[in-house]
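A.B. asks: For the sequence shown, position 186 matches number 186 in this note's numbering, and the numbering has no gaps at all. Handing you a structure now.
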Amino acid sequence: MPCISSGYKNKPICFYNSSGFVNGGKKYNYKSYLQKMTIKTFVFNPFQLNTFVVYDETKAAIIIDAGNSTTEENNELFNFIAQEQLSIEGLYYTHAHVDHIIGNNDILKKYNIEAYAGVDSDVFFENAEGHAKSLGFSFNKLITPLITIKDNDEVKFGNSSLRAISTPGHADGSICFYSEKDQFIIAGDVLFRDSIGRTDLPTGNFDLLARSIIDKLYVLPVGVKVYPGHGPTTTIGYEKSNNPFVSESEHL
Ligand SMILES: [Zn+2]
1 MPCISSGYKN KPICFYNSSG FVNGGKKYNY KSYLQKMTIK TFVFNPFQLN
51 TFVVYDETKA AIIIDAGNST TEENNELFNF IAQEQLSIEG LYYTHAHVDH
101 IIGNNDILKK YNIEAYAGVD SDVFFENAEG HAKSLGFSFN KLITPLITIK
151 DNDEVKFGNS SLRAISTPGH ADGSICFYSE KDQFIIAGDV LFRDSIGRTD
201 LPTGNFDLLA RSIIDKLYVL PVGVKVYPGH GPTTTIGYEK SNNPFVSESE
251 HL
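Here you go:
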């Protein structure tokens with residue numbers, strides 16, 4: 001939290017009071033600044049997709065990626081949200097491959113919310129019906145128009161916000177969601193523990209993906225926890241040192 005130096009006799013105005021944190025006349029809710037967001041992970045559908053519910057102390061929440069593909073998976077997700085008394089404010093996609101979007105209409109209907117995806121994701125939604133069929137899923141066209149998000153957009157809910165970081169290379173429209181305050185990133189299929197996203201699918205490009213990882217993710221603090229679209233969590237520091245596909249020194 002920066003102090004400013006325009007206070008009395010140029011002394012920084014930066015102090016606590018009983019109700020919060022005051023900085024240059026602007027009051028912060030110090031308690032909520034210390035609160036961390038909670039991330040609940042569900043593993044859904046045959047592709048073992050990580051669907052995330054992210055929420056804070058206000059109970060405002062967003063869902064990132066909609067892998068729920070059966071009634072049982074819907075119930076698991078919806079029951080958790082009801083039990084925690086969360087207010088769902090939006091459905092966000094890291095990218096629009098079928099395994100990440102299959103449950104979208106069930107979520108949109110249930111919570112009467114809108115869906116957000118990176119610029120250039122539309123083509124995946126247009127082709128999703130056929131693609132889903134070939135994988136044994138049924139997919140119906142989105143019931144609400146897709147709202148696009150771009151690099152550096154802030155996703156706000158409750159007292160929290162996540163910054164959208166555009167990371168193309170696995171699929172056009174790929175977005176990671178970063179919390180500088182809580183030091184985590186929801187990375188979709190860009191970076192996995194000891195792996196990276198496939199680049200052999202439409203709009204995939206290895207060089208572009210490597211640039212996204214090196215220029216956008218490996219520049220983050222080493223302690224930042226990474227929540228990938230599939231598999232276990234990792235950290236930026238671990239992948240910089242150990243990732244066999246894109247290491248810190250490669251491609252520089
Ligand atoms: Zn994908």
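Ideal Cβ placement from N, Cα and C applies to all residues, glycine included. Bear in mind the structure is a predicted one, so any value in this text is a computation, not a measurement.
Select from Lys133, Ala96, Gly223, Leu108 the residue whose C-alpha is nearest the C-alpha of isoleucine 149.
C.D. replies: Start at 1 with the first residue of the sequence shown, and residue 149 comes out as number 149. That would be Ala96, whose Cα lies nearest to the Cα of isoleucine 149.
A.B. asks: Would you report the Cα separation of phenylalanine 21 and threonine 234, rounded to the nearest angstrom?
C.D. replies: The residue labelled residue 21 in the question sits at position 21 within the sequence shown. The residue labelled residue 234 in the question sits at position 234 within the sequence shown. Low confidence applies to phenylalanine 21: its pLDDT is 42, below 50, so where it sits in the model is not reliable, and the reading given next is rough at best. So the alpha carbons of these two residues sit roughly 33 Å apart.
A.B. asks: Quick one: what's isoleucine 64 bridged to in DSSP?
C.D. replies: Here residue 64 refers to the residue found at position 64 when the sequence shown is read from its first residue. DSSP output for isoleucine 64 lists Phe52, Tyr92 as bridge partner(s).
A.B. asks: Can you give the beta carbon distance from glycine 103 to serine 69, rounded, assuming they're within the 8 Å contact cut?
C.D. replies: Taking the first residue of the sequence shown as position 1, residue 103 is located at position 103. Taking the first residue of the sequence shown as position 1, residue 69 is located at position 69. Confirmed, about 6 Å.
A.B. asks: State the Cα-Cα distance for the pair alanine 60 and valine 222, rounded to the nearest angstrom.
C.D. replies: Within the sequence shown, residue 60 is the residue found at index 60, counting from 1. Within the sequence shown, residue 222 is the residue found at index 222, counting from 1. Alanine 60 and valine 222: Cα-Cα distance of roughly 28 Å.
A.B. asks: Ignore the nearest five residues each way along the sequence and tell me which others in asparagine 257's own chain have a CB closer than 7 Å to its CB.
C.D. replies: For residue 257 there is no data in the structure shown, the boundaries of the chain being 1 and 252.
A.B. asks: To the nearest angstrom, report how far apart isoleucine 186 and lysine 40 are at their CA atoms.
C.D. replies: Numbered from its first residue, the sequence shown carries residue 186 at position 186. Numbered from its first residue, the sequence shown carries residue 40 at position 40. Between isoleucine 186 and lysine 40, the C-alpha separation is close to 12 Å.
A.B. asks: At a cut-off of 7 Å, is phenylalanine 197 close to ligand 1 when judged by its beta-carbon and the heavy atoms of the ligand?
C.D. replies: Along the sequence shown, read from residue 1 onward, the residue named residue 197 stands at position 197. According to the sequence as given, residue 197 is glycine; it is not phenylalanine. Under cutoff, so the answer is yes.
A.B. asks: Kindly indicate which residue of Phe177, Asp99, Ile213 has the alpha-carbon position closest to the one of alanine 128.
C.D. replies: As a first step, residue 128 must be located in the sequence shown, where it is residue number 128. Nearest of Phe177, Asp99, Ile213 to alanine 128, Cα basis: Asp99.
A.B. asks: CA-CA distance, phenylalanine 206 and aspartate 172?
C.D. replies: Walking along the sequence shown from the start, residue 206 turns up at place 206. Walking along the sequence shown from the start, residue 172 turns up at place 172. Going from the Cα of phenylalanine 206 to the Cα of aspartate 172 covers about 12 Å.
A.B. asks: When DSSP builds the beta bridges, which residues end up paired with lysine 225?
C.D. replies: What you label residue 225 is simply residue 225 of the sequence shown in a count that begins at 1. Answer is Phe184, Thr235, bridged to lysine 225.
A.B. asks: Closest by CA to isoleucine 113, which one among Phe157, Leu208, Ser174?
C.D. replies: Within the sequence shown, residue 113 is the residue found at index 113, counting from 1. When each option's Cα is compared against that of isoleucine 113, the closest is Phe157.
A.B. asks: So arginine 163 is in the beta strand (DSSP E); what residue range does that whole segment cover?
C.D. replies: Reading the sequence shown from its first residue, position 163 is the one you call residue 163. First-last of the beta strand (DSSP E) with arginine 163: 160-166.
A.B. asks: Here's the rule: buried if 16 or more other CB atoms are within 10 angstroms of the residue's CB, otherwise exposed. What is threonine 94?
C.D. replies: The count along the sequence shown starts at 1 and reaches residue 94 at position 94. Classification for threonine 94: buried.
A.B. asks: Could you give the residue range of the beta strand (DSSP E) that holds tyrosine 111?
C.D. replies: As a position in the sequence shown, residue 111 is number 111, starting the count at 1. Element bounds for tyrosine 111: not the beta strand (DSSP E) but the alpha helix (DSSP H), 104-111.
A.B. asks: CB-CB under 6 Å to asparagine 74, same chain, minus the five flanking residues each way: which ones, in chain order?
C.D. replies: Along the sequence shown, read from residue 1 onward, the residue named residue 74 stands at position 74. Once the five neighbours on either side are set aside, the close Cβ partners of asparagine 74 are Asn68, Asp106.
A.B. asks: If contacts are defined as beta-carbon pairs under 8 Å, then glutamate 89 and isoleucine 64 qualify, I think. What distance do you get, rounded to the angstrom?
C.D. replies: By one-based count along the sequence shown, residue 89 stands at place 89. By one-based count along the sequence shown, residue 64 stands at place 64. Actually they do not touch by this definition, with Cβ atoms about 12 Å apart.
A.B. asks: Look at the alpha carbon of isoleucine 147 and the alpha carbon of tyrosine 178, and state the distance between them as a whole number of angstroms.
C.D. replies: The sequence position of residue 147 within the sequence shown is 147, counting from 1. The sequence position of residue 178 within the sequence shown is 178, counting from 1. Roughly 19 Å between the two C-alpha positions.
A.B. asks: Would you mind reading off the limits of the alpha helix (DSSP H) that contains valine 123?
C.D. replies: For the purposes of this step, residue 123 is taken as residue 123 along the sequence shown, with counting starting at 1. Element bounds for valine 123: 122-134.
A.B. asks: For serine 87, write down the residues that DSSP places opposite it in a beta bridge.
C.D. replies: The residue labelled residue 87 in the question sits at position 87 within the sequence shown. Answer by DSSP bridge pairing, in chain order: Ala60.
A.B. asks: Is histidine 170 near aspartate 194, with beta carbons less than 8 Å apart?
C.D. replies: Here residue 170 corresponds to residue number 170 of the sequence shown, with the count starting at 1. Here residue 194 corresponds to residue number 194 of the sequence shown, with the count starting at 1. Result no, Cβ atoms of histidine 170 and aspartate 194 do not sit closer than 8 Å.
A.B. asks: Buried or exposed for proline 168, going by 16 or more other Cβ atoms inside 10 Å?
C.D. replies: The residue labelled residue 168 in the question sits at position 168 within the sequence shown. The residue in question, proline 168, is buried, as its Cβ has 16 or more Cβ neighbours within 10 Å.
A.B. asks: With 16 as the cutoff for other CB atoms within 10 Å, does glycine 197 come out buried or exposed?
C.D. replies: Taking the sequence shown and counting its residues from 1, the one referred to as residue 197 is at position 197. Buried.
A.B. asks: May I ask you to report which of helix, strand or coil DSSP gives serine 19?
C.D. replies: Within the sequence shown, numbered from 1, the residue matching residue 19 stands at position 19. Its pLDDT being 44, under 50, serine 19 is placed unreliably in this model, and the value from its coordinates should be taken loosely. If DSSP states are grouped into helix, strand and coil, serine 19 belongs with coil.
A.B. asks: On the three-state DSSP scale, how would you describe leucine 191?
C.D. replies: The residue you call residue 191 lines up with position 191 of the sequence shown. Strand.
A.B. asks: Could you name the residues that DSSP lists as bridge partners for histidine 230?
C.D. replies: Counting from one through the sequence shown, the residue named residue 230 turns up at place 230. DSSP lists Leu49 as partners of histidine 230.
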